[in-house]
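Report on one structure; see the data block that follows.
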Ligand code: NDP
Ligand code: GDR
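In this note's numbering, the protein residues as written are 193 to 529.
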């Protein structure tokens with residue numbers, strides 16, 4: 193019999209790749225979907241299984257990290273072996289506009305889930321999606337022992353979730369781990385994060401659908417990896433004998449400007465012609481440089497990143513160009529009718 197996993201945030205970038213990975217390993221995957229007035233399952237539609245089917249390996253449930261009772265009830269019903277807490281208000285800039293909400297879902301939500309695991313007595317292993325944003329103002333390279341200095345309500349909430357995870361491990365002997373993941377991207381990245389915003393704009397400018405791209409700080413340094421490789425690291429963390437925390441990163445640095453230049457060059461476009469500055473996209477306090485040291489993950493998890501930032505930018509541009517082409521073809525078919 194395969195294992196059973198529960199994923200919060202299954203409709204997000206990482207949740208969708210993780211669900212695919214676990215299904216390929218013969219898991220039964222349960223996912224939490226929050227109620228929305230419009231469809232929010234686009235990233236997992238290709239693996240969706242009809243609720244009428246007798247033996248489903250992917251099962252979706254309505255619940256929310258803001259509702260602790262719903263979490264306890266769901267855990268008692270599903271009784272997962274592994275839980276991946278990927279659900280969050282995950283946008284750093286937005287967290288300055290909605291700090292209380294971000295603290296509630298991203299911070300307290302992690303504690304609600306840990307407490308639900310304890311209260312339901314199911315003994316599941318828990319993965320907490322911690323973030324390089326917790327290091328914030330502490331200079332690179334950052335590793336598991338680097339002090340935190342969060343620079344946003346989002347990062348403060350993630351620090352809370354991190355320590356709640358460590359505390360439940362120490363207090364209750366729970367198998368609970370933090371994956372401290374640096375930025376990771378893909379064609380499924382949300383459209384308002386900077387990499388996807390850039391690659392989507394490149395595709396739309398090339399197709400004549402858009403003229404300008406407005407951005408904020410181009411000097412920020414990030415360590416960008418490829419999301420499908422990062423969800424593999426999450427899974428590896430829960431397969432070890434002992435629960436420990438791990439940094440996951442490529443160890444390579446690039447500025448937003450370098451990502452921008454690579455993406456535009458791939459489509460033979462000149463950023464100077466199209467890119468303009470808008471202070472709206474600056475943060476009240478910025479994180480200048482994140483570059484991770486993932487030696488521990490290399491040594492203990494046998495995990496290695498393969499896709500480098502230049503290749504990442506190009507594959508995201510290619511995917512967005514394909515998506516624009518498909519949309520235009522779809523529109524043409526509708527007009528013909
Ligand atoms: P996304 O923003 O793509 O996905 C977030 C997920 O959380 C979505 O499924 C979203 O649902 C869900 N969600 C939001 N609010 C709630 C709520 N109240 N209750 C339940 N679910 C909720 O994030 P990523 O996939 O990129 O990231 C996954 C996790 O990893 C997040 O916790 C993020 O903070 C963290 N992280 C991400 C990194 C990255 O570079 N991607 C790096 C380090 C950490 P909906 O689809 O309805 O919006
Ligand atoms: P980040 O990702 O804040 O690192 O958080 P984001 O892509 O939003 O920003 C990266 C850098 O780009 C600069 N920037 C802009 N950012 C956005 N979104 N939009 C712009 O127009 C723009 N112009 C410049 C930002 O100032 C920043 O320096 C991501 C999220 O996935 C978090 O959930 C995760 O924890 C961290 O990565 C690791």
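From the three backbone atoms N, C-alpha and C, an ideal C-beta is built for every residue, glycine too.
Is the beta carbon of residue 206 within less than 8 angstroms of some heavy atom of the ligand NDP? The residue you call residue 206 lines up with position 14 of the chain shown. Yes, since a heavy atom of the ligand NDP falls inside the 8 angstroms radius drawn around the Cβ of residue 206.
With 16 as the cutoff for other CB atoms within 10 Å, does residue 411 come out buried or exposed? Residue numbering aside, residue 411 sits at position 219 when the chain shown is read from its first letter. Result: exposed.
Compute the Euclidean distance between the alpha carbons of residue 296 and residue 524, then round it to the nearest angstrom. For the purposes of this step, residue 296 is taken as residue 104 along the chain shown, with counting starting at 1. For the purposes of this step, residue 524 is taken as residue 332 along the chain shown, with counting starting at 1. The straight-line gap from Cα to Cα measures roughly 45 angstroms.
Hey, could you find the ends of the beta strand (DSSP E) residue 407 is sitting in? By one-based count along the chain shown, residue 407 stands at place 215. Per DSSP, residue 407 belongs to the beta strand (DSSP E) from 405 to 407.
Using 10 angstroms around the beta-carbon of residue 217, count the other beta-carbons present and answer buried if the total reaches 16, otherwise exposed. Along the chain shown, read from residue 1 onward, the residue named residue 217 stands at position 25. It counts as exposed.
Residue 414: beta carbon under 8 angstroms from a heavy atom of the ligand GDR? Residue 414 sits at position 222 when you count from the first residue of the chain shown. The answer is yes for residue 414.
Per DSSP, the bridge partner or partners of residue 317: For this step, residue 317 is matched to residue 125 along the chain shown. Note: residue 317 sits in a beta bridge opposite 274.
Under the three-state reduction of DSSP, which class applies to residue 223: helix, strand or coil? Taking the chain shown and counting its residues from 1, one reaches residue 223 at position 31. If DSSP states are grouped into helix, strand and coil, residue 223 belongs with the strands.
Residue 325 and residue 479 look like a contact to me (Cβ under 8 angstroms); what is the Cβ gap, rounded to whole Å? In the chain shown, counting from the first residue as 1, residue 325 sits at position 133. In the chain shown, counting from the first residue as 1, residue 479 sits at position 287. So it is a contact: roughly 6 angstroms between Cβ atoms.
Residue 368 bridges to which residues according to DSSP? In the chain shown, the residue the question calls residue 368 occupies position 176. In the DSSP assignment, residue 368 forms a beta bridge with 318.
Have a look at residue 390 and residue 452 and give me their C-alpha separation to the nearest angstrom. Position 198 of the chain shown, counting from 1, holds the residue named residue 390. Position 260 of the chain shown, counting from 1, holds the residue named residue 452. Cα-Cα distance, rounded: 7 angstroms.
Reduced DSSP category for residue 263 - H, G, I as helix; E, B as strand; rest coil: Numbered from 1 along the chain shown, position 71 holds the residue referred to as residue 263. In this structure, residue 263 counts as helix in the three-state DSSP scheme.
Buried versus exposed, by CB contacts within 10 Å (16 or more), residue 196: Stepping through the chain shown from its first residue, residue 196 is reached at position 4. Buried: at least 16 other Cβ atoms inside 10 Å.
Does the Cβ of residue 423 have 16 or more other Cβ atoms within 10 Å, making it buried, or fewer, making it exposed? By 1-based counting over the chain shown, the position of residue 423 is 231. Residue 423 comes out buried.
Following a CB-centred definition, is residue 361 positioned closer than 8 angstroms to any heavy atom of the ligand GDR? Taking the chain shown and counting its residues from 1, one reaches residue 361 at position 169. No, the Cβ of residue 361 stays beyond 8 angstroms of every heavy atom of the ligand GDR.
Quick one: using the 10 Å Cβ neighbour count with 16 as the cut-off for buried, is residue 496 buried or exposed? Looking up residue 496 in the chain shown gives position 304. By the Cβ-count criterion, residue 496 is exposed, with fewer than 16 other Cβ atoms from all chains shown falling within 10 Å of its own Cβ.
So what's residue 279 in DSSP terms, helix, strand or just coil? Walking along the chain shown from the start, residue 279 turns up at place 87. Looking at residue 279 - three-state DSSP - the assignment turns out to be coil, as it is neither helix nor strand.
Euclidean distance between Cα positions of residue 372 and residue 437: To locate residue 372, count along the chain shown from 1; it is residue 180. To locate residue 437, count along the chain shown from 1; it is residue 245. In a straight line, the C-alpha of residue 372 is about 7 angstroms away from that of residue 437.
Given 8 angstroms as the limit, is there contact between the stretch 277 to 297 and the stretch 232 to 244, that is, 3 or more CB pairs closer than that? no
Is it buried or exposed, residue 231, if we count other Cβ atoms within 10 angstroms and call 16 or more buried? Sequence index remark: in the chain shown, residue 231 carries index 39 (1-based). When all chains shown are included, residue 231 counts as exposed.
Checking 9 angstroms against the spacing of the C-beta atoms, do residue 198 and residue 267 come in under that value? Locating residue 198 in the chain shown gives position 6, where the first residue counts as 1. Locating residue 267 in the chain shown gives position 75, where the first residue counts as 1. Cβ distance < 9 angstroms, so residue 198 and residue 267 count as in contact.
What does residue 377 pair with, by DSSP beta-bridge criteria? Residue 377 sits at position 185 when you count from the first residue of the chain shown. Beta-bridge pairing links residue 377 to 418.
By Cβ distance, which residues of its chain are closer than 8 angstroms to residue 366, with the 5 residues on each side in sequence left out? Position 174 of the chain shown, counting from 1, holds the residue named residue 366. Excluding positions up to five away in sequence, the list reads 306, 309, 310, 318, 360, 435.
Is residue 256 close to the ligand NDP? I mean its beta-carbon at under 8 angstroms from any heavy atom of the ligand. Within the chain shown, numbered from 1, the residue matching residue 256 stands at position 64. Because some heavy atom of the ligand NDP lies under 8 angstroms away, the Cβ of residue 256 counts as near it: yes.
Using 9 angstroms as the threshold, is the C-beta distance between residue 251 and residue 223 below it? The sequence position of residue 251 within the chain shown is 59, counting from 1. The sequence position of residue 223 within the chain shown is 31, counting from 1. It is a contact, given that the beta carbons lie within the stated cut-off.
Nearest to residue 488 by CA position, among 520, 499, 462, 429, is which residue? Working through the chain shown from its first residue, we reach residue 488 at position 296. Nearest option by C-alpha distance: 429.
Buried or exposed (CB count within 10 angstroms, at least 16 for buried), residue 512: As a first step, residue 512 is located in the chain shown; it is residue number 320 there, counting from the start. The residue in question, residue 512, is buried, as its Cβ has 16 or more Cβ neighbours within 10 Å.
Find out if the Cβ-Cβ distance for the pair residue 482, residue 334 is shorter than 9 angstroms. As a first step, residue 482 must be located in the chain shown, where it is residue number 290. As a first step, residue 334 must be located in the chain shown, where it is residue number 142. Against a cut-off of 9 angstroms, the Cβ pair of residue 334 and residue 482 comes out as a contact.
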